[in-house]
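Report on one structure; see the data block that follows.
Numbering (the numbering used here), first residue to last: 16 to 196.
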């Protein structure tokens, strides 16, 4: 399972670097290893819910979600994965953090519109988390993930708002300097 987590981490790093072809290779390799792990789990059902299996699934969801949004602009539904529901839920929560990083990258490049696109997808991910109303014992700590995601989204919204205000101020100051106001 460590190999799956490692490959998923590499895929996420590659997406951040806009190296989509390498990201896809790491996802495919992680998928193969996850299939192998699931095969073992089907033979030894006691390990299906072991922490290391669920962690590998969660990381896989995060890598696939992040990659697919970059490539297709979509969020994969739970039905696209053959894994435990808590892995999907936690994977979405973790992906929201990656989308925040992308939003901040775009803010650093003064691309507020693109940052807003990531805020919107973060909110879509949050809607999925909000639709699930089950006890924490069944969802693997959904409330904690949802609270963390909500905090990340609000910080991102604040950062985008501040960037917009700063950009407006910069433009106004530029006009003042040029005596255009």
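Idealized CB from N, CA, C, for every residue including glycine.
Check: What's the call for residue 175, buried or exposed, on a 16-neighbour Cβ count within 10 Å?
Finding: Around the C-beta of residue 175, 16 or more other C-beta atoms lie within 10 Å, and the residue is accordingly described as buried.
Checklist line | Between the CA atoms of residue 181 and residue 65 - distance to the nearest angstrom | finding: Their backbone Cα atoms lie some 48 Å apart in a straight line.
Next item on the list: Indicate the three-state DSSP secondary structure (helix, strand or coil) for residue 16 in the structure shown.
Entry: Coil at residue 16, not helix or strand.
Notebook entry, point to check: Can you tell me whether DSSP reads residue 31 as helix, strand or coil?
Noted result: The DSSP-derived three-state label of residue 31 is helix.
Item checked: Cβ-Cβ distance between residue 111 and residue 137 below 7 Å -> Cβ distance < 7 Å, so residue 111 and residue 137 count as in contact.
Note to self: Going by DSSP, what residue range makes up the alpha helix (DSSP H) through residue 126?
What the structure shows: Unbroken run through residue 126: none, as it is neither H nor E.
Check: For residue 59, does the three-state DSSP call read helix, strand or coil?
Finding: Coil.
Next item on the list: Go ahead and label residue 86 buried or exposed: buried means 16 or more other beta carbons lie within 10 angstroms of its beta carbon, across all protein chains shown.
Entry: Within a 10 Å sphere around the beta-carbon of residue 86 sit fewer than 16 other beta-carbons, which makes this residue exposed.
Next item on the list: Within its chain, find whatever has a CB closer than 6 Å to the CB of residue 121; leave out the 5 residues flanking it on each side and keep chain order.
Entry: Taken in chain order, the residues that qualify are 129 and 130.
Next item on the list: Along the alpha helix (DSSP H) that carries residue 75, what are the first and last residues, could you check?
Entry: 66-87 is the extent of the alpha helix (DSSP H) around residue 75.
Notebook entry, point to check: Under a three-way DSSP split, which group does residue 119 fall into?
Noted result: Looking at residue 119 - three-state DSSP - the assignment turns out to be helix.
Item checked: Opening and closing residue of the alpha helix (DSSP H) in which residue 193 lies -> That residue, residue 193, is in no alpha helix (DSSP H); it is neither H nor E in DSSP.
Notebook entry, point to check: Can you check whether the CB of residue 41 is closer than 7 Å to the CB of residue 25?
Noted result: Yes, the Cβ-Cβ distance between residue 25 and residue 41 is below 7 Å.
Next item on the list: Use the C-beta contact count for residue 167: other C-beta atoms within 10 angstroms, 16 or more gives buried, fewer gives exposed.
Entry: Burial call: buried.
Notebook entry, point to check: Looking at residue 22 and residue 45, is the spacing between their C-beta atoms short of 7 Å?
Noted result: With contacts defined as CB atoms closer than 7 Å, residue 45 and residue 22 qualify as a contacting pair.
Item checked: Cα-Cα separation between residue 51 and residue 74, rounded to whole angstroms -> Rounded to the nearest angstrom, the two C-alpha atoms are 16 Å apart.
Check: Does DSSP classify residue 92 as helix, strand or coil?
Finding: Coil, per DSSP.
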